[in-house]
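Counting from 375, one number per residue, gives the positions in the sequence shown under the numbering used here.
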Amino acid sequence: MSNFSIRTFAFILLVCTATGASAQHRRHHQPHVLTGDSLTSGKYTLIFTSNDPGFDSLTRRNMINVFFTVYPQEVERFNKNSLTRIVFFIDTAYEGVAATGGGVARYSPAYLKAHAQDVDVVTHEVMHVVQAYRSYEPGWLTEGIADYVRYVYGVNNKNGGWKLPDYKAGQSYQNAYRVTARFLLWVEKHKYNKIVDDMDKAMREGTYTPELWAKLTGKTVDELWNEYAQNPSLELSYK
Ligand SMILES: [Zn+2]
Numbered sequence: 375m376s377n378f379s380i381r382t383f384a385f386i387l388l389v390c391t392a393t394g395a396s397a398q399h400r401r402h403h404q405p406h407v408l409t410g411d412s413l414t415s416g417k418y419t420l421i422f423t424s425n426d427p428g429f430d431s432l433t434r435r436n437m438i439n440v441f442f443t444v445y446p447q448e449v450e451r452f453n454k455n456s457l458t459r460i461v462f463f464i465d466t467a468y469e470g471v472a473a474t475g476g477g478v479a480r481y482s483p484a485y486l487k488a489h490a491q492d493v494d495v496v497t498h499e500v501m502h503v504v505q506a507y508r509s510y511e512p513g514w515l516t517e518g519i520a521d522y523v524r525y526v527y528g529v530n531n532k533n534g535g536w537k538l539p540d541y542k543a544g545q546s547y548q549n550a551y552r553v554t555a556r557f558l559l560w561v562e563k564h565k566y567n568k569i570v571d572d573m574d575k576a577m578r579e580g581t582y583t584p585e586l587w588a589k590l591t592g593k594t595v596d597e598l599w600n601e602y603a604q605n606p607s608l609e610l611s612y613k
């Protein structure tokens, strides 16, 4: 990861973000004048911009390395037509953790300052670029897949204090994020090993319906969840 070509420039960025939370992908547009670096490795270019002059250079470097490590793997597995040029924007005005839309991933410098090891937020966010779904509904599935990907491809989850939570009564597959990610992993291990690939493809092609679960696994998502709740172990057991 040491031989990027780097170019520094100023440009006007039209930020277009969609919030990641389920059922509320609000879009808004704001012009910003920024300076940034354009980093290229192979066929991928990352434009790294920030409006926070105090942003930690090591965190920046770690985020860049995570991008060039995981993004090509995500593209290769899920969507070979993904964008090859992505913008990262460290934005002091952003109050969440991160959000992605239109090829721009926006990150909170305050969050990254307090959680400098949590650089696999990048792994999650750039999966939203790969997803490029026709519709991001159901949001729980969109976010569950992004956290599944973070679990599988993340490079610093342990040091970042990030892990899948154990199953607990009261959870639902609609909880999104890590809860859904663990369920997807369980379905993958015990029922159908292409579940994430096929769900992701259907979402991108706009062909997802709730019936797809039964079509792929023989069981509805509620039936799968009930079975999961009874034996949520991710270990394969042979009887
Ligand atoms: Zn997300």
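Glycine residues also receive a C-beta, built at the ideal position from the N, C-alpha and C atoms.
Helix, strand or coil at residue i according to DSSP, with G and I counted as helix
i, result
"Phe429", "coil"
"Thr474", "strand"
"Thr516", "helix"
"Thr466", "coil"
"Asp540", "coil"
"Tyr418", "strand"
"Asp411", "strand"
Continuous alpha helix (DSSP H) stretch holding residue i: start and end
i, result
"Tyr510", "From DSSP, Tyr510 is part of no alpha helix (DSSP H); its letter is neither H nor E."
"Tyr602", "595-604"
"Thr554", "551-564"
"Gln505", "495-505"
"Thr490", "Correcting the residue type first, residue 490 is Ala in the shown sequence and not Thr. Careful: Ala490 lies outside any alpha helix (DSSP H) and carries neither H nor E."
Reference residue i, options the options, closest by Cα
i, options, result
"Val570", "Gly535, Asn531, Glu517, Lys542", "Glu517"
"Tyr418", "Val461, Pro427, Gly428", "Val461"
"Asp465", "Val553, Pro584, Asn425", "Asn425"
"Arg434", "Trp536, Thr591, Gln491, Pro512", "Gln491"
"Tyr541", "Gly535, Arg556, Gly528, Ala550", "Arg556"
"Val478", "Ala588, Gly428, Glu499", "Glu499"
"Gly416", "Ser431, Ile380, Tyr522", "Ile380"
"Ala506", "Arg459, Asn453, Ala473, Gly544", "Asn453"
Cut-off 6 Å between Cβ atoms - residues of its own chain near residue i, not counting five sequence neighbours on either side
i, result
"Phe441", "Leu420, Val496"
"Val493", "Asn436, Met437, Val440, Asn530"
"Ala397", "Only weak support exists for where Ala397 lies, its pLDDT of 33 falling under 50; the value from the coordinates is given anyway. Correct list, in chain order: Gly513."
Any non-hydrogen atom of ligand 3 within 7 Å of residue i CB
i, result
"Ala520", "Among the ligands modelled here, namely ligand 1, ligand 3 does not occur."
Residues near residue i by beta carbon distance below 7 Å, same chain, minus five either side
i, result
"Val449", "Ser456, Val504"
"Leu608", "Leu559, Trp560, Lys563"
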